[in-house]
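Residue numbers (the working numbering): 42 to 278.
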């Protein structure tokens with residue numbers, strides 16, 4: 042290729058793409074993430090959301106919940122959810138499955154491996170690190186890995202939130218889609234939020250980032266329960 046115009050033409054030509062569009066996406070995608078980022082959300086999950094879900098599950102005689110980390114990046118949010126839920130499930134005796142999605146294939150590969158720099162786990166409570174994190178046998182590497190028991194409860198797949206439809210179940214109990222809407226235009230934000238709401242079961246919850254909102258596209262089915270936490274009302278679709 043002689044110039045940038047030829048490269049752009051290659052990327053936009055679906056017949057000639059090969060893996061180049063994936064490579065471009067991986068190069069330009071923002072993968073900022075942390076364990077226990079915006080910790081107030083996990084307090085709300087523990088103290089407000091799960092009691093609601095457990096009450097509804099008892100009436101339906103269901104005990105397995107579905108969670109979706111919609112902008113999973115390298116997996117820190119999904120595994121944070123797994124730690125919090127594993128602690129809760131030990132007392133409340135419920136099951137859970139977590140789906141993590143992202144557009145970046147490189148980030149998803151790291152999420153699947155579940156290997157992280159040791160200092161990245163610093164925000165994680167000490168008791169949880171002891172239960173759910175393994176240190177590398179090579180102390181010089183200063184890496185840790187999420188324990189197999191949690192890894193088995195989390196799966197990852199590639200998904201573009203800007204797509205018109207998502208190949209995702211439409212009975213998700215809790216969706217986390219945090220700190221990604223800010224990178225989209227207002228019309229795209231509204232379309233993404235509408236899509237996410239369609240994939241929530243009635244009574245399910247949507248968590249957005251603390252700098253985000255429903256993007257001007259207020260959903261009639263959703264009721265705000267905290268600054269960036271919304272519940273899909275029962276009887277709405």
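Backbone N, C-alpha and C define an ideal beta-carbon position, used for all residues, glycine too. Being a predicted model, the structure only gives us computed values, none of them experimental.
Note that the region 159-169 does not touch the region 98-107; fewer than 3 beta-carbon pairs, one per stretch, sit closer than 8 Å. Rounded to whole angstroms, the separation of the alpha carbons of residue 276 and residue 235 is 17 Å. Counting C-beta atoms within 10 angstroms of its own C-beta, residue 134 has fewer than 16 neighbours from the protein chains shown and is therefore classed as exposed. With a cut-off of 8 Å on Cβ pairs, the region 197-208 is in contact with the region 138-147, counting three or more such pairs.
It is roughly 30 Å from the alpha-carbon of residue 140 to the alpha-carbon of residue 179.
When 168, 229, 216, 172 are compared, the shortest CA-CA separation from residue 237 is found for 216. For residue 218, the uninterrupted beta strand (DSSP E) run begins and ends at 213-218, by DSSP.
With fewer than 16 neighbouring CB atoms inside 10 Å of its own CB, residue 223 falls in the exposed class.
Cβ-Cβ distances below 6 Å link residue 255 to 234 in the same chain, with the five nearest sequence neighbours on each side left out; the list follows chain order.
CA-CA distance, residue 100 to residue 117, rounds to 32 Å.
Membership of residue 99 in any beta strand (DSSP E) is not indicated; the residue belongs instead to the alpha helix (DSSP H) covering 91-101. Taking every protein chain shown into account, the CB of residue 265 has fewer than 16 other CB atoms within 10 angstroms, so this residue is exposed. When the beta-carbon positions are compared, residue 241 and residue 269 stay at least 8 Å from each other. Scanning 98, 157, 94, 82 for the CA closest to the CA of residue 122 turns up 82. Here the alpha carbons of residue 245 and residue 94 stand approximately 8 Å from one another.
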